[in-house]
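Under full-length UniProt numbering, the letters of the sequence shown match residues 1 to 272, in that order.
Think of the CB as a built atom: it goes at the ideal place given N, C-alpha and C, for glycine as much as any other residue.
These notes concern the structure reproduced below.
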Amino acid sequence: MTEQTTWEIAHFGLCVHDPKAAEDFYADVVGLTPDPGGAPHSFANGFQSLTLYAPDPEFARARDILHNPRMTKVATLAVNDLGAAQARLDTVGVAYSEIDGLAPGLGRALLSYDPSMNLIGFVQRHPEAEAPDEAPWLLHHVNLQAHEVRRSVEFFVAVADMTEGRWVAPPERGDFSLDPHELAPMVLGGENRGLHIIRPDAGFAKRNGFAHNPSIGGHPAFRVPDIHAVMARLDKAGVLYSNAGTYAMSGYHQVYVYDPSCNLIEINQRVG
Numbered sequence: 001m002t003e004q005t006t007w008e009i010a011h012f013g014l015c016v017h018d019p020k021a022a023e024d025f026y027a028d029v030v031g032l033t034p035d036p037g038g039a040p041h042s043f044a045n046g047f048q049s050l051t052l053y054a055p056d057p058e059f060a061r062a063r064d065i066l067h068n069p070r071m072t073k074v075a076t077l078a079v080n081d082l083g084a085a086q087a088r089l090d091t092v093g094v095a096y097s098e099i100d101g102l103a104p105g106l107g108r109a110l111l112s113y114d115p116s117m118n119l120i121g122f123v124q125r126h127p128e129a130e131a132p133d134e135a136p137w138l139l140h141h142v143n144l145q146a147h148e149v150r151r152s153v154e155f156f157v158a159v160a161d162m163t164e165g166r167w168v169a170p171p172e173r174g175d176f177s178l179d180p181h182e183l184a185p186m187v188l189g190g191e192n193r194g195l196h197i198i199r200p201d202a203g204f205a206k207r208n209g210f211a212h213n214p215s216i217g218g219h220p221a222f223r224v225p226d227i228h229a230v231m232a233r234l235d236k237a238g239v240l241y242s243n244a245g246t247y248a249m250s251g252y253h254q255v256y257v258y259d260p261s262c263n264l265i266e267i268n269q270r271v272g
């Protein structure tokens with residue numbers, strides 16, 4: 001990251017029907033490291049985290065808040081000035097909920113929906129929170145489905161002071177659109193890190209020969225050091241996956257797979 005970076009992916013939360021089964025999958029198959037602090041069903045790499053939740057329909061009502069992060073996936077973004085982000089949400093008229101303890105180490109969070117009804121959390125970023133190359137795994141990006149991509153881009157620029165970047169595709173890319181009305185990256189440095197805001201494309205999987213459609217429903221993407229080892233574990237476990245190869249992001253081998261609760265995730269490795 002550079003000094004100009006104004007935000008970072010801090011946390012991703014996933015609803016799962018069986019937290020223990022999901023925890024075993026992310027630990028034993030994907031290869032994520034459990035939270036050293038001992039938080040249940042949580043993984044951490046030193047500056048980012050993943051938490052697996054059982055659905056809790058009463059969570060929001062019990063806390064008298066508008067948004068329920070225990071009934072859907074939620075991406076939490078750390079911004080340089082949470083107070084400024086809150087003021088901008090007020091200015092643009094977007095309702096939000098305030099909550100403490102959304103996940104271990106996050107502190108106070110603001111929850112709101114983006115224009116495509118993706119639940120987004122905002123927390124205060126710590127200046128020392130950097131993305132080390134030697135991290136055992138990394139939340140490389142978060143893919144967000146958006147029927148109106150430009151409205152979502154405007155939201156993240158206005159609220160979180162993000163910057164829209166240019167998609168970096170390999171020379172022999174797959175069959176998908178780079179039209180900024182259909183795909184827009186909110187970038188964190190290079191290598192397509194950040195948010196991928198994409199218009200859902202029902203034919204995406206068929207055109208590219210995949211069993212999974214990464215343009216629908218959104219997903220977190222985890223960078224790992226050895227994607228072939230992950231695929232070997234998926235094969236051993238009998239889990240269907242789409243080995244996309246280096247088809248969308250220059251220098252990255254991508255794999256798509258469902259976790260035990262059919263949450264789509266991406267696993268990738270830097271290869272270039």
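In the three-state scheme derived from DSSP, where H, G and I count as helix and E and B as strand, Thr76 is classed as strand.
Between Tyr247 and Gly174 a beta carbon distance of about 4 Å is seen, short of the 8 Å cut, so the two are scored as contacting. Looking at the backbone, the Cα of His228 and that of Asn213 are separated by about 21 Å. The beta carbon of Lys73 sits closer than 6 Å to the beta carbons of Leu14 from its chain, once the five residues preceding and following it are set aside; these are given in chain order. Cβ-Cβ separation between Trp167 and Phe222: approximately 20 Å, too far for a contact (criterion under 8 Å). His196 carries a strand assignment under DSSP once its states are collapsed to helix, strand and coil. If you draw a straight line from the Cα of Asp18 to the Cα of Asp235, it comes to about 22 Å. In the three-state reduction of the DSSP assignment, Asp100 falls in the strand class. Comparing alpha carbon positions, the residue from His181, Ala158, Pro171, His196 closest to Ser250 is Pro171. Using a Cβ distance threshold of 8 Å, Arg63 and Ile9 do not count as a contacting pair.
Looking at the backbone, the Cα of Asn45 and that of Thr76 are separated by about 15 Å. For the 8 Å CB-CB criterion, Ala85 and Val157 do not form a contact. Cβ contact annotation for Asp201 (same chain, cutoff 8 Å, sequence separation greater than five): Phe176, Ser177, Glu182, Asn213, Ser215, Ile216, in chain order.
Shown here for Pro36: same chain residues with a beta carbon closer than 7 Å to its own, the five before and five after excluded, namely Ala44 in chain order.
Excluding its 5 nearest sequence neighbours in each direction, Val230 has C-beta neighbours in its own chain below 8 Å: Val29, Val30, Gly31, Val224, Val255, Ile267, listed in chain order.
Within its own chain, the residues whose Cβ lies closer than 8 Å to the Cβ of Ser42, once the five positions on either side in sequence are excluded, are Pro34, Asp35, Ser49, Leu50, Thr51, Leu52, Ala103, Pro104, listed in chain order.
Look at Thr91 here: in three-state DSSP terms it is helix. Counting every other CB atom within 10 Å of its CB across the protein chains shown gives Met186 a total of 16 or more, marking it as buried.
Per the coordinates, the alpha-carbon of Ala244 lies some 34 Å from the alpha-carbon of Gly38. Taking every protein chain shown into account, the CB of His147 has fewer than 16 other CB atoms within 10 angstroms, so this residue is exposed. For the pair Arg125 and Ala87, the CB atoms are not nearer than the 8 Å cut-off. C-alpha of Ile120 to C-alpha of Tyr113: approximately 6 Å in a straight line. Counting the other CB atoms within 10 Å of its CB gives Leu139 a total of 16 or more, which places it among the buried residues. Taking the Cα of His141 as reference, the smallest distance to any Cα among Pro220, Val16, Pro260, Met71 is reached at Pro220. Per the C-alpha coordinates, the member of Pro260, Ser261, His253, Cys262 positioned closest to Val271 is His253. Relative to Val149, the option among Gly107, Ile197, Glu23 whose CA is nearest is Ile197. Around the CB of Gly209, fewer than 16 other CB atoms lie within 10 Å, so the residue is classed as exposed.
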